[in-house]
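Working notes, beginning with the structure itself.
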Amino acid sequence: MPAYYLEALTVTLGLLLLLAEAFVSSKSKAWVGVAAAIGLVFILAFTPFAIGPDASPGSGWAKWTLWNFYQFDPLSRFYKVFALVTTILVVLLAIDYRKILARYTDHPGSENGTGEFYALPVLACSGMMWLASAKDLAGAFVALELVTVTFYILVAFMRRNVGSLEAGVKYLILGALSTGFLVYGIAWVYGSTGTMDLDLIAGMLEDGRSASIPLTGLLFGIALVMVGLGFKIGAVPMQVWIPDVYQGAPTPTTAFLSVGSKASGFILMIHFLEPFLSSELTRGPVLKLIGVLSIATLLFGNLAAIPQTNFKRLLGYSSIAHAGFLLLALASGAPGTDNGLGSAQVVSVYLATYLLMTLGVFFILAQVRIQRDGESITDFNGLGQTNPTLALALTVLLAALAGVPLTAGFIGKFLVFQLAVNAGLWAAIGVAFIAAAAGFYYYLNVVRAMWWVQPGQKAHVTLPLISKACVAVLTIATLVFGIWPQPILALLK
Amino acid sequence: MTLAWILLFLPLVAAAANQLVLRKSPLVPLVSTASALATLVLSFLLLGKTTSPDPIHWASIGDFHINIGIRLDALSTGMMIVVTGIGTLVHLFSLAYMKEDEARNRYFTGLSLFMFSMTGIVLADNFIMTFIFWELVGLSSFLLIGHWYQKDSAADAAKKAFLCNRVGDFGFLIGILMLWGITGTLSFDAMKSGLASFGTENAAYFTQNSAAFSVILSTAVLCIFCGAVGKSAQLPLHVWLPDAMEGPTPVSALIHAATMVAAGVYMLFRVQLSLGADVFEGLFASNVIAWTGGITALVAALMATQQDDIKRVLAYSTLSQLGYMVMAVGLVHGEAGMFHLFTHAWFKALLFLGSGAVIYACHHEQDIWKMGGLLKKMPITGITFAIGTAALIAVPFVTSGFYSKEEILAAAFGKNKALFGIAVFVAFLTTFYMTRAFVVAFLGKPRSENADHAHEVGPLMFVPLVLLAGMAIGSAWLTGALSAIDPRANAHGHTEGHGIILGASIASLVLGLIAGFLFYKGKDKDPVSIPLFRNRFYVDGFYDRVLVRYFQDAFAAIIHFFDELLINGLLVGGLSRGAASLGGLFRKLQSGQLQGYAYAFGLGVILVIYFTVFL
Amino acid sequence: MLALIVFLPVVAFIAILLGAPARLTAIAAAAVNLVLGTYAAFTWKCGCWDFSIPVLAKPAMNLAFGFPDGMSAVMVLLTVIVTLAAVLSGKAPEGREKLYFGSSLLISAGALGAFAATDLFFFYAFHELALIPTFLMIGMLGRGDRKEVAWKITIYLGLGSIVLLAGLVWLANLTGTFNMGQMVKAAGTIDPAAQKGIAALLIVGFGTLVSLFPFHSWAAPAYASAPAPVAMLHAGVLKKFGLYGLLRLAVPLVPEGMNAWLTPLLVLLLGNILWCGFVTISQKRLDGMLGNSSVMHMGYIFLAIAALVAFPENPLAKPAAVLLMFAHGVSIALLFGLTDRIERSTGSIDLQDLGGLAKSAPTLAFLFGIAAMASIGLPGLANFSGEVLVFLSAFKGYDPTKGLGPVQIACILSIWGVVISAVYMLRAYRNIFQGPAVKSTESAADLSLADRIPALLLILALFAVGLYPNLLLNLLK
Amino acid sequence: MASLNDYLLVSGLLFAIGLAGVVLRRNIIVVFMCLELMLSAANLSLVAFSRFNTVNGLPDYKGQMLVFFVITVAAAEVAVGLAIIVALYRARQTIHTDELASLKG
C-alpha cells in the first residue's frame, strides 16, 4: 500500500466526520469522537503495510511525480504512528473533557458546539503525517499550515471563554508572524540553492556546485526557517506564546499542541537540517545555532517553571524545557549509524517517551479541572489520600517527566546526555544539568502537594472509564519502556 | 601453650556467662571470683615461661596480618602475678564490700571484663592488640567508675575518665601508626630488627641529616607516650584519676591504683624493651617523658597534701607514684620503674582496700576530718593501713617501697640531678601527706557519729588486707624471682652516690614524719590551707570551664552556626534562591502583552540570524 | 540467581499493595532474604549467583546481577541484615501500614539491586528507585517539619544523582559499554583530562549521596525527621551506595583523575570529620546528633578511599573501607532503631529532658550502650576493626624520611575525630541513661522481648565482625 | 531592467514594514494586515528568485508554485483569524492588544 494512502484516508475520515457531525444529536456529539478514535485506530492498523516506492519499484504508483514531494522511511513511519497515536489519545481526552467544552461553546448541557472538536484533530493529524514525509519545502509549508490553521481553531475553540479566546488571538498573531518568517526563509533558501527539494539541496551541497551557492544568503534563509520551526517546538526566543496559549487553550488542545505540534515541528526540523548538517559548508553555523537555542531554551524553560503555581502553565514551561533537551540532542549532530543512535533517533525516542508521560498527565489534569474546578498545583493537594492509585500514577508520570531512572523519561534524557557528552558540548551539558535539577524541583513540587498536603475541602477525584484506561496504559508504558525501551527502538528500524 | 589462652579468655568467658546466662543469679559474684582465682593459679603456672603460643590471625589482608597473640616473658608473666593476685584479693574483698549493692552482678561482670582486658594488655605481643585491650580497660574502667550511675558525680567521672583516655589514645594511635611506618611491623618481637633495617636502608639519608633519626623516632615515641599520659594519668591528663574515686573503692584499688593506671608504664617499658633501651639513651623523647613524670610526681604530691577525702589523698598519691615510674622509664631505667610498679601495686591496693574498709565501717563517710580514732575501733584495718603507709613512705629496709623507690632515686641521681632533687622532695611530701592522713583518720578521737560507731570489718574483708600487707613488706623480695624486672639483679651498679641517695631518702622520710605529726597531731580541722593545692592548681576548673565549655562547646556552637549559615544558608540556599529568582525574572518577561511578545520574537530573530550568519 | 534476592522485596511490596498483611509480609520477606542473602554472600565465589537478561541490544544493556567481588557480597549482607532489623523495629502509624512497610521493602530492594547490579544503568537506577520511597516516607510519616526536610532531601539528592549521572554517562561513553566488568577492563584507555572531569563529577555526585562535606546539610535533618526504618535503611545501607560507587567505579576507572583531586578530597573529608564533628557536639537532640554523627563517620571511609587513591597498590584501603561501611551501617541502624525506642518509651529525645533511663529501662540502656560504644570505635565491635584498618591503610605509604604526606596528615587530624565522637556519644549516653531519673524516664517501659530481636540481630553482627574481622575480610579476598 | 537585488531590497523593506507594524500597532486587525504584508514580501522574494533562477532558459516555476500556496494558505488564515477576532470582540468588546493580558507570568 503506498504510504500516502494513510494521509488520504485520514483526510477522508476528517471530512466524513465533519459531515456526519451535522447529523448527530446535540446530546451525544461524543459519538463523533468515538468514531474518530475508531477510524484513526483503523488507519493506525494500516501503517505497517505502508511502503515507499523503493519497496515496489515496478508498480505504477511508484513512478508518480508525487514522490518528488514525499518520502517514506522508518523515521516517517515512526512519526506517522506518533501523530496517529497522539490524535487518538487527544480525541479520547476530548471526549472526557466535553463537559467543559460544552459549557464554553454553547450552553451547559448541550453539546451542540462540540462536534467539530473531534473532527479537527483528525485533519491536523493528516497534516502532521504529511510533515513526517515532507521532503520539499513547498509541500512541507502547506502541511505545516494545515496543522497551524487547525490549531488556531482548536485553541480558540471555547468561544465563550475569555482565556481561550485570548490564547487563540495570541497564537494566531504569533503563529502568523512565524509563518511569515518561515516563508521568507524558504524564499531565501530557494533563492540561494535554486531548489526546494531537500534531496537536491543535499546533492548541491555535496558536489562541486556548492561553490556557486551564496553562503550568507543560504544561512540567512536557514536561520529564518529555523525561526519558523523554532516557534512550533517552542525554542527560546520563539517560545513566547507557549505559556499563555497552553494555559488558555482547552486542555485537549494543550495536550495536542504540546505533543503533536511539537513532534511535527521536530520531524520537519530533522528533515530540513539533514542536508545542511551533512555538508561541511553549513554544518558549523547550524550546529552552533541549535546549540545556542538549546542552552537558552533549557535555561528559560526550567528556571521560569520554578515559580509557577498553575499546573497547566507549568506544563507549558515544561514543554519548553523538554524542547531544550531535544534541541540538545540535535545540537550534537550525531548521524545515525548501525552501532548507535543518531540525533534523529534520540529525538524520536525522547518524543515517544514524552508522549506517554505528557498525555498521561493531561488526562489527569483534565479530570482535576472538571472535578475540582481548578488547574493550579494546590488543586492537587491531598490527592494521595483521596485517590492513592491516581496519585501514584501521576507520581510515576511526573517522575518520568523529571527524568527519574527506571521510567521512560530517564531513557530519553540519558540518551540525550550521552550524545551531548560524545559531541563535547560542555557548556550545554552544564546548563542541562542545572535544568534537570530545576526540573526535579518543579515536577516533584506537584508530587509534594499530592502526598504531603492535606486535601482540605477539595472534592474527591475519580477518573471516568476512558481516562482511567488511558492513564493506566500510559503509566504502565512509561514504566515498561523505562526498563525495556526496545520496542520504541524497533519502531525506528 | 593453651594455658596462656585460657588465662586470657577465662575472665571473658566469666563475664559473658554472667551477662548472658546467669544474669540475675546470685552465682555471679562467685563465678567472677572463681575465675579470678583460677587466673591467679594459671599465672603461677606460667611464671617464667618464655615460649609464646602461635598467634591467631585476627584481621588478615593478603599477607598483612593483625594478630591476637600472647607474648610470654619475664615481664609479662611477672605482671600477670600482680594483676591476678591483686585482682583475686579485690574480688574477695568485693564479695563483702558490695554485698548489699543491688547491682552487684553488674559490678562483678565489670570486674571480670576488666580482668580480661588487663590480661590482654599484659600478654599482648603486638601494638594493635595492646591498643585493643587498652581501649577495653578504658571501657571497664568507665563501667566501674560509673557503677552508681544515678549519682551525677559518678556518671560525670566515668565520662571524664573515658574522654581523658581518649585524648591520650589519640596520640597513642598516631604513635603506633608512625612506629609501624618506621619499623614496618606491629609486633614487639620484630620491632628491634625493623628499626635496625630502617636505619640501614636509609643510611645515606641519615648520614646527611644526622638529627633526623632521633627526631623521627622521638616523634613516634612521644605520640605513644601520649597514650601512657592518658592511661597513667600524667600531667596534663591527670584530672580523671581523682574523680575516678567515685567508683566503688575495691575498683579504685584494683584499677585506679594497682593495675590499669600502671598499664601506661608497662606499655612504655614494653616499647623500650622492644626497641632496645640503648635507642632511648639520649633520645629527646626520653627527656620529655622523664620530666613529665617528675613534674607529675611533684604536682600530685603537692595536691595530695590538701585533700580531705581519704580516697582522694590516695588517688593523688597514686598519681605521684606513677610519676615516679614514668620518670624512671624516661631516664631509661624502665626496670626501676617496673620494680616500683610491682611493689606499689600491692601496697597501694592495700591502702585503697583499707580505706574501703574504713569507708564501709563509717557508713560511706570519706572525709578524714570526720573520722579519727579508728585504729582502736578497727585494729586490723588500722595496722594493715599503717603497713601500707610505711611501704608508701618507704620506711627503710623493711618495706618493699623503700627498695623500689631507692632504685628510682638512684636512676635519677645518675642521670639528672634536677629530677633527683624533685624526687627527693616528692618523697618528703609523700611522707608528709600520708602521715597527715593516717594521723587524722586513725589517731585522735572520733569526730563524727559514723566514726564513733565504726567497728572492725568481717574476715572476707580483712583477710585480703592482711595478705596485701604481707606483700607490702615482702614483694620486694618476691620480685627477685623475676630477674628481668628486678634492677638489683642486673648489675647496673650505682655504688657511686649510694650514700647520698640513702641519706636523702631517710632525711626526707624523717622530716616528713616530723612535719606530719607536728601539724596534725590532735587537730580537729586542717590547720594549713593552701587554696592552690586544695583546688588542684585550678587545672580541673580550667579544663571544665575553659577547655570544655568555652573552647570545645563554644567552638562547636560556632561551627554549628556557620554550618547553618554558610553551607546550609549561603551555599545551598543561595543556589536555590539564585535559580528561583532567575526563574522569577524569566517569568516577568512573560508579561502577557502580545506586543511585547512580538517584540521579543523580533529580537530573537535578529539574534538567531546573528548567530547563524555572522558568528 | 541474585535476581531472586533483589526482587523478593518487590514481590512482597506488590503483595502488600494487593492486601497481604503488611507487617507480616514485610517481616517474612526480610527474613527469607536474610537467609538467602547471607548464604549468597558467603558463597559468592562460586559464580553461581550471576543473573542476566538482555534489555537493550545497542548499546548493550542487561538487567544483570552478580558478585564482581567480595565488596558486593558484603554490601548485600549488610542490606539484608539491616532490612530485617528495620522492618522488625518499625511501628507504623495507625492505618499507614501498607505505605510504611511497603516503602521499607522498596528501599531494601533498591539497595540490593544497586549493590548487586553489574550493569551501570541498573546500578544507578536501583539506587534512584530506593530514594523515592525514602522521600515519600519522610514527607508523609516523618517527624518535625517533615515537609521541608523531605523537600530538601529530595532536591538535594536529586541534584547529586544528576551530577553523578553525568559522570557515569561520560564514563560509559569513553569505555563504550554499560557492563561494569568490561568498563574496568577498558580503564586504561581514558585520557587524563577526561579522568579529571569524570572524577570531579563522581566525587561530587557520589559525595552528595554520602553527605560529603559541604554537601552534607541534607543528612542530619532528614535522619532526624525520618521514620525509624527509613533512617535505618538510608543511613545504614543506602547511603553506602555512594562509597560503594566510588570504590567500584571511580577508583579503578579514573585513578589519575582521582589523584588529581586528592588534596581537595582530603580537605573535604576532614570537613566531614572535624567540622561536622563539632556540629555534632553542639546538637541538643539525640536524633540530630546521630544524623550528624553519621555524616561525620563517612569521613573515615573517604579517608580509606583517599589512601587507596594516593597509593593505588595499597592492599589495606579497600578492605578497610568495606569493613567500615559494613560496621557503620549496622551500628547506625542500631542507634536509629534504639532512638526510636527511647522516644516511644519516654516521649522525648531531647538530651535536656532525659536522664537516668538506665534505671527503668536497663536492657535499652545496655543495648544502646553497645551501639554507642560501637560508634565510638570500641574494640570488639565492628567499627573498631574498620577504623583501625583505615588508619593503617592511610599510613601504608608513609615514608618517615620524607615526613608526613597529605594522607597521613589527614589521617592524624581525623584520629582526633575519634575523640570528638567519644565526646558527643558519651555526653548523650550520660544525659539520657545516667544521672538521677527525671519525670519522663521514671516509669519508662523497657524493651519487650520482641523489641529486642532486631537490636540483638544487629548487635550480633557487630560483635561477630568486631571480634573476628576475618569473617568479612575472608569474603573480600 | 531591475536586478535581483532591487527586488530583494524592496521585498526586505516590505517585510520590515510589516514586522514594524506587528510590533508597533495596537489594533489586532491592523496587526493582522501587517502580517499579510510580511507574507506578500516573502512572495515577492519568491517570485524574484524564481524569475532570476533560470532552468533551460526559462524561469524556475517552483518558486511561483509556492507563491500560490502561500496566497491560498494566507486566505485560510485570514478567514480563521478574523473569525477568532470577531469572537474575541464579542466576548471582550475590544480588539486592542494592550487589553489582552489576562494570561501571563
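Just so you know, the sequences run in chain order A, B, C and D. Just so we're aligned, residue 1 is where the first sequence starts under my numbering, counting upward by one. Just so we're aligned, residue 494 is where the second sequence starts under my numbering, counting upward by one. Just so we're aligned, residue 1109 is where the third sequence starts under my numbering, counting upward by one. Just so we're aligned, residue 1586 is where the fourth sequence starts under my numbering, counting upward by one. We put the beta carbon where it would ideally sit given N, CA and C, even for glycine. The structure presented is a predicted model; accordingly, all values stated were derived computationally and were not measured.
Going by beta-carbon coordinates alone, are residue i and residue j separated by less than 8 Å?
i, j, result
"A:Ser294", "A:Leu327", "yes"
"C:Gly1504", "C:Asn1578", "Here residue 1504 of chain C is Lys; the residue named in the question, Gly, does not match the sequence. No, the Cβ-Cβ distance between C:Lys1504 and C:Asn1578 is not below 8 Å."
"A:Tyr118", "A:Ala138", "no"
"A:Val142", "D:Val1658", "yes"
"B:Ala1050", "C:Ser1390", "yes"
"B:Leu868", "B:Met927", "no"
"B:Tyr708", "B:Ala770", "A small correction: the amino acid at residue 708 of chain B is Val; Tyr does not occupy that position in the sequence shown. Contact: no."
"C:Gly1494", "C:Ala1435", "yes"
"A:Met238", "A:Gly230", "yes"
"A:Leu120", "A:Thr86", "no"
Kindly indicate which residue of the options has the alpha-carbon position closest to the one of residue i.
i, options, result
"C:Ser1319", "C:Pro1514, C:Ser1501, C:Cys1384, C:Glu1256", "C:Cys1384"
"C:Asn1281", "C:Leu1239, C:Leu1361, C:Val1498, C:Val1312", "C:Leu1361"
"D:Lys1689", "A:Tyr171, A:Val245, A:Gly230", "A:Val245"
"A:Phe46", "A:Val81, A:Gln71, A:Ser25", "A:Val81"
"D:Phe1654", "D:Asn1612, D:Phe1617, D:Leu1624, D:Pro1644", "D:Leu1624"
"C:Ala1368", "C:Tyr1352, C:Phe1419, C:Ala1134", "C:Phe1419"
"A:Thr378", "A:Val236, A:Ala427, A:Asn445", "A:Asn445"
"A:Ala286", "A:Phe23, A:Ser332, A:Ala366", "It is worth fixing the name first, because residue 286 of chain A is Val in this sequence and not Ala. Here the closest residue by C-alpha is A:Ser332."
"B:Glu899", "B:Leu995, B:Leu958, B:Ser810", "B:Leu995"
At which residues does the beta strand (DSSP E) containing residue i begin and terminate?
i, result
"B:Trp498", "No beta strand (DSSP E) contains B:Trp498, which is instead part of the alpha helix (DSSP H) from 495-509."
"C:Met1169", "1169-1173"
"B:Trp551", "549-554"
"B:Ile563", "Note, B:Ile563: premise wrong, no beta strand (DSSP E); not H, not E."
Counting along the chain, where does the alpha helix (DSSP H) carrying residue i start and finish?
i, result
"C:Asn1659", "The shown model of chain C, from 1109 to 1585, leaves out residue 1659 of chain C, and the question about it has no answer."
"C:Pro1162", "Where C:Pro1162 is concerned, there is no enclosing alpha helix (DSSP H), although the beta strand (DSSP E) it sits in stretches over 1159-1164."
"A:Phe46", "30-46"
"A:Ser164", "162-193"
"C:Ala1469", "Where C:Ala1469 is concerned, there is no enclosing alpha helix (DSSP H), given that its DSSP letter is neither H nor E."
"C:Cys1154", "It is not in any alpha helix (DSSP H) - C:Cys1154 carries neither H nor E in the DSSP assignment."
Taking only runs that begin and end inside the stretch 1365-1448 of chain C, name each unbroken alpha helix (DSSP H) of 4 or more residues, in chain order. 1370-1378, 1384-1389, 1394-1418
For the pair the stretch 443-451 of chain A and the stretch 1283-1303 of chain C, tell me if three or more CB-CB distances fall below 8 Å. no
Across the stretch 1543-1552 of chain C and the stretch 516-524 of chain B, are there enough close Cβ pairs to call them in contact, namely three or more that are closer than 8 Å? no
Quick one: any contact between the stretch 1451-1463 of chain C and the stretch 1205-1224 of chain C, if contact means 3 or more CB pairs under 8 Å? no
Would the stretch 637-644 of chain B and the stretch 768-784 of chain B be scored as touching if the rule is three or more Cβ pairs under 8 Å? no
With a cut-off of 8 Å, do at least 3 Cβ pairs link the stretch 1088-1107 of chain B to the stretch 252-270 of chain A? no
Using a Cβ distance threshold of 8 Å, determine whether the stretch 1630-1638 of chain D contacts the stretch 183-191 of chain A, with at least three qualifying pairs required. yes
Quick check: the stretch 757-766 of chain B against the stretch 692-699 of chain B, are at least 3 beta-carbon pairs closer than 8 Å? no
Tell me the start and end of each unbroken alpha helix (DSSP H) in the stretch 1269-1311 of chain C that is at least 4 residues and wholly inside, in chain order. 1288-1293
Would you be able to state if there are at least three C-beta pairs under 8 Å between the stretch 1249-1265 of chain C and the stretch 390-407 of chain A? no
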